[in-house]
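Taken in sequence, the protein lines are chains A and B. For the first sequence, the numbering used here begins at 279 and goes up steadily by one. For the second sequence, the numbering used here begins at 279 and goes up steadily by one. Glycine included, every Cβ here is placed at the ideal spot set by N, Cα and C. Keep in mind that this is a model prediction, so the values were computed, not measured. Structure record follows, encoded as structure tokens.
There are 2 protein chains.
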Amino acid sequence: MSRVLRVAAAQMGPNQRADDREAILARMIALLEQAARGGARLAVFPELAFTTFFPRWPLEEAELRAYYEQRMPNPAVQPFFDRARALGVGFYVGYAEVTGSGRRFNSSLIVGPDGEALLKYRKVHLPGSQEVREGQRFQQLEKRYFEYGDLGFPVARGPEAWHRPVLGMLICNDRRWPEGWRCLGLQGVELVCIGYNSAAYDPNGGEGESAELRTFHSTMAVQANAYFNSTWAVSVAKAGVEDGSGLIGGSCIVSPNGIVVAQAKSLGDEVILADCDLDAGLHGRAPGKMFDLGLHRRPEMYRRIVEQAGIEAPP
Amino acid sequence: MSRVLRVAAAQMGPNQRADDREAILARMIALLEQAARGGARLAVFPELAFTTFFPRWPLEEAELRAYYEQRMPNPAVQPFFDRARALGVGFYVGYAEVTGSGRRFNSSLIVGPDGEALLKYRKVHLPGSQEVREGQRFQQLEKRYFEYGDLGFPVARGPEAWHRPVLGMLICNDRRWPEGWRCLGLQGVELVCIGYNSAAYDPNGGEGESAELRTFHSTMAVQANAYFNSTWAVSVAKAGVEDGSGLIGGSCIVSPNGIVVAQAKSLGDEVILADCDLDAGLHGRAPGKMFDLGLHRRPEMYRRIVEQAGIEAPP
Chain A
279 MSRVLRVAAA QMGPNQRADD REAILARMIA LLEQAARGGA RLAVFPELAF
329 TTFFPRWPLE EAELRAYYEQ RMPNPAVQPF FDRARALGVG FYVGYAEVTG
379 SGRRFNSSLI VGPDGEALLK YRKVHLPGSQ EVREGQRFQQ LEKRYFEYGD
429 LGFPVARGPE AWHRPVLGML ICNDRRWPEG WRCLGLQGVE LVCIGYNSAA
479 YDPNGGEGES AELRTFHSTM AVQANAYFNS TWAVSVAKAG VEDGSGLIGG
529 SCIVSPNGIV VAQAKSLGDE VILADCDLDA GLHGRAPGKM FDLGLHRRPE
579 MYRRIVEQAG IEAPP
Chain B
279 MSRVLRVAAA QMGPNQRADD REAILARMIA LLEQAARGGA RLAVFPELAF
329 TTFFPRWPLE EAELRAYYEQ RMPNPAVQPF FDRARALGVG FYVGYAEVTG
379 SGRRFNSSLI VGPDGEALLK YRKVHLPGSQ EVREGQRFQQ LEKRYFEYGD
429 LGFPVARGPE AWHRPVLGML ICNDRRWPEG WRCLGLQGVE LVCIGYNSAA
479 YDPNGGEGES AELRTFHSTM AVQANAYFNS TWAVSVAKAG VEDGSGLIGG
529 SCIVSPNGIV VAQAKSLGDE VILADCDLDA GLHGRAPGKM FDLGLHRRPE
579 MYRRIVEQAG IEAPP
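Here's what the structure looks like:
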């Protein structure tokens, strides 16, 4: 039987710091409805989808606290969860999580078409700095506002209605680290969902990387890692000028061959769709094939990957 | 002081099984001379550069034995080594190695401009099968004819004349395995040399991958891994129709930004050149930057990479 799942990438334009939650939820619900009309069974939303990308600001605790969700769902996101269940569309969404004991994570969730949570993930590769960098117009304070994810790189099977794909998640900067992808690949992942907020340029001047180069990097990272791990990937931006800071778009759906089969054209709210044949990855990873991991990998040669974090260069 | 090294990718057209060593060496020497005229200080040659890609054939021991080099250099390659030293051009070259005790490896060597060997590598990711596959016009018998490389992923610094770059090597299929690249990246590699022989299509029919798709994969794998590890890479084909089996071209020189700065246009003997600013990688890996490995990697989350070889999927 054919295992074709229609997925949507629900790219979002910017969430301004001044936007209220209701306005953001209304846009997200409109994207859900558009995805449903297009026949999608799973819609992938960005990282920190319910808020502005607040790690760009040094914040007082009172404002900061308001950006975190104490549980999922909760009254401030319930209309989005309700509408998704009514439409029979599942989703991936990124959000700022605070636990009962006050621990904070940059997290994501996959929810099935019945409204039940299928899988949760906490971002492992937090970029930026812990300390506020003086004299900069914008910060990148993820290391200050979040703990490193402590759940590893978990996978779960989706429901029968989705043909039971092995689902995995990454968040933003994770997509540039092949280690995370490989941990998913080693669990037979068939569809990786990714949300991101990625600066379109250095808002503090200096590095000289264009938005085009950064979009190229974003897309290439997903293409190559999807190919190496014989998996589909859906990589979704919050895009446009958010609180004066530019974010790249380029949301894309990528096949296990590393081919971009759909890509967003705007920097705003935009739904793109693709039919993902979940058995397409078998071509690469089947017994005896190029990416038959068990046949070709040599783990005893890779110990450096887990035995050191940073570079140890020869003298 | 600027650390710019001009490198050449010395793509080779096919070596037919009937070609004698002298004819192959003459072509390789012509490529060396062209690289030297172009100002290159280092020329990268393909995998198994001195012979046909013999793992495509089930061979009797008498013929097979003739494809391996007992030491490097030896009389059958000496004119190539001599000419390189006379030109002051170093090189990477792939060859079939047999040790004194009869062990066989798919190996490569980097030789400095003074003719001294700088670094040796033995291919870790051997594709193909150990057993002859019945009914196939062409085999892929690397797992039969070679042992898995036992040297890990070593690096060495090049000479002062090259601005002392940290050099690493991969061979062919290795370029598709991010584990090997990361082991080099963790040693501060600045220039990765790669030779390959990659089928342009399935010569036995079946898979339906075009030469264009395979060339795309070959190039993308190098681009993405160069970017992830903030390193230059020179990836060089033996190309064209060799003994009736098509090989892709697409030899390329790739920057630490993952940009192809030079790419071969033919499927024959062809030299391409690029000036590699060895400090360009610092942009990515410098303290606090996106690819500051020590700051951002979480090795405790990657244990699966060394603790299992193949896929363990959820039920």
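For residue i and residue j, which I take to be in contact (beta-carbon distance under 8 Å), what is that distance rounded to the nearest angstrom?
| i | j | result |
| --- | --- | --- |
| Val512(B) | Val285(B) | 6 Å |
| Ala327(B) | Gly473(B) | 7 Å |
| Met447(A) | Leu525(A) | With a Cβ gap of about 20 Å, Met447(A) and Leu525(A) do not count as contacting. |
| Phe416(A) | Pro481(A) | 4 Å |
| Pro593(A) | Ala587(B) | With 8 Å as the limit, Pro593(A) and Ala587(B) do not qualify as a contact, their Cβ atoms being about 34 Å apart. |
| Thr493(B) | Val538(B) | At roughly 11 Å, the Cβ-Cβ gap does not stay under 8 Å, so Thr493(B) and Val538(B) are not in contact. |
| Glu425(B) | Arg382(B) | 6 Å |
In this structure, does DSSP put residue i in helix, strand or coil?
| i | result |
| --- | --- |
| Glu375(A) | strand |
| Tyr346(B) | coil |
| Cys418(A) | Per the sequence shown, residue 418(A) should be read as Gln rather than Cys. Correct three-state label for Gln418(A): coil. |
| Ser385(A) | strand |
| Gln356(A) | helix |
| Phe506(B) | helix |
| Asp555(B) | strand |
| Tyr474(B) | strand |
| Phe332(A) | helix |
| Arg575(B) | coil |
| Gly316(B) | coil |
| Ala434(B) | strand |
| Gly562(B) | helix |
| Ser533(B) | coil |
| Val467(B) | coil |
| Ile307(B) | helix |
| Ala587(B) | coil |
| Leu397(A) | strand |
| Gly522(B) | coil |
| Leu445(A) | strand |
| Phe424(A) | coil |
| Leu283(B) | strand |
| Gln294(B) | coil |
| Gly366(B) | coil |
| Glu409(A) | coil |
| Ser513(A) | strand |
| Glu457(B) | helix |
| Ala340(B) | helix |
| Val322(B) | strand |
If you drop the 5 nearest sequence neighbours on each side, which residues of the same chain put their C-beta closer than 7 Å to that of residue i?
| i | result |
| --- | --- |
| Glu457(B) | Ile583 |
| Ala354(B) | Arg299 |
| Leu545(B) | Gly291, Ala517, Gly518, Gly527 |
Excluding the 5 residues flanking residue i on each side, which residues of the same chain have their C-beta closer than 8 Å to its C-beta?
| i | result |
| --- | --- |
| Ile307(A) | Pro357, Phe358, Arg361 |
| Gly536(A) | Gln501, Ala502, Ala504, Tyr505 |
| Leu462(B) | Phe431, Val433, Gly446, Leu448, Val470, Asn507, Thr509 |
| Lys516(B) | Gln289, Met290, Gly291, Pro292, Asn293, Pro324, Glu325, Leu326, Ala327, Phe331, Gly473, Tyr474, Asn475, Leu525 |
| Gly566(A) | Leu573 |
| Glu409(A) | Arg422 |
Identify, in the order they occur along the chain, each residue of the same chain with its Cβ nearer than 6 Å to the Cβ of residue i, setting aside the five sequence neighbours on each side.
| i | result |
| --- | --- |
| Asn451(B) | His403, Pro405 |
| Gln541(B) | Cys530 |
| Asp553(A) | Val282, Arg284 |
| Gly366(B) | Pro391 |
| Ala314(B) | Leu365, Val367 |
| Trp459(A) | Asn503, Asn507 |
| Leu320(B) | Val285, Gly368 |
If we cut at 7 Å on Cβ distances, does residue i have a partner in chain C?
| i | result |
| --- | --- |
| Ile388(B) | The chain labelled as chain C is not found among the protein chains of the depicted structure, namely A and B. |
**Study point:** Cβ contact (3+ pairs, closer than 8 Å) linking the segment 559 to 574 of chain B and the segment 517 to 531 of chain B
**Key:** Per the Cβ contact rule, the segment 559 to 574 of chain B is not in contact with the segment 517 to 531 of chain B (fewer than 3 Cβ pairs under 8 Å).
**Study point:** Chain-ordered residues of the segment 436 to 459 of chain B with a beta carbon less than 7 Å from chain A
**Key:** Val444, Arg454, Pro456, Glu457
Check your understanding: Is the segment 433 to 440 of chain B touching the segment 385 to 394 of chain B in the sense that three or more CB pairs, one from each, lie closer than 8 Å?
Key -> yes
Check your understanding: In the segment 289 to 312 of chain B, which residues sit with their C-beta less than 8 Å from some C-beta in chain A, listed in chain order?
Key -> none
**Study point:** Cβ-based contacts, 7 Å cut-off: residues of the segment 508 to 534 of chain A near chain B
**Key:** none
Point to revise | Touching by the beta-carbon criterion (3+ pairs, under 8 Å), the segment 325 to 345 of chain B and the segment 514 to 521 of chain B | key: yes
Check your understanding: Does the pairing of the segment 338 to 350 of chain A with the segment 374 to 386 of chain A give three or more beta-carbon distances under 8 Å?
Key -> yes
Review point. Got a sec: which bits of the segment 380 to 413 of chain A sit with their beta carbon under 8 Å from any beta carbon on chain B, in order along the chain?
Key: Val402, His403, Leu404, Pro405, Ser407
Practice item. Please name the residues in the segment 547 to 574 of chain A whose beta-carbon is closer than 9 Å to at least one beta-carbon of chain B, in chain order. Key: Residues passing the 9 Å Cβ filter: His561, Arg563, Gly566, Lys567, Met568, Phe569, Asp570, Leu571, Gly572, Leu573, His574.
Check your understanding: Going along the segment 420 to 436 of chain B in order, which residues come within less than 8 Å of chain A, judged by CB to CB distance?
Key -> Tyr426, Gly427, Gly430, Phe431, Val433, Ala434, Arg435
Exercise for review: Select from the segment 458 to 476 of chain B all residues with a C-beta closer than 7 Å to any C-beta belonging to chain A, and list them in chain order.
Suggested key: Arg460, Cys461, Leu464, Gln465, Gly466
Check your understanding: Name the residues in the segment 364 to 375 of chain A whose C-beta lies less than 7 Å from a C-beta of chain B; which are they?
Key -> If you check each beta-carbon in the segment 364 to 375 of chain A against every beta-carbon of chain B, none falls closer than 7 Å.
Check your understanding: Looking at chain A, which residues of the segment 575 to 592 of chain B have a Cβ within less than 9 Å of any of its Cβ atoms?
Key -> Along the segment 575 to 592 of chain B, going in chain order, the ones with a CB nearer than 9 Å to a CB of chain A are Arg575, Arg576, Pro577, Glu578, Met579, Tyr580, Arg581, Arg582, Ile583, Val584, Glu585, Gln586, Ala587, Gly588, Ile589, Glu590, Ala591, Pro592.
Check your understanding: Quick one, which residues of the segment 313 to 332 of chain A are near chain B if we go by CB-CB under 8 Å, in chain order?
Key -> none
Check your understanding: Which of the residues in the segment 488 to 508 of chain B, read from start to end, lie with their CB under 9 Å from any CB of chain A?
Key -> Those would be Leu491, Phe494, His495, Met498, Ala499, Gln501, Ala502, Asn503, Tyr505, Phe506, in chain order.
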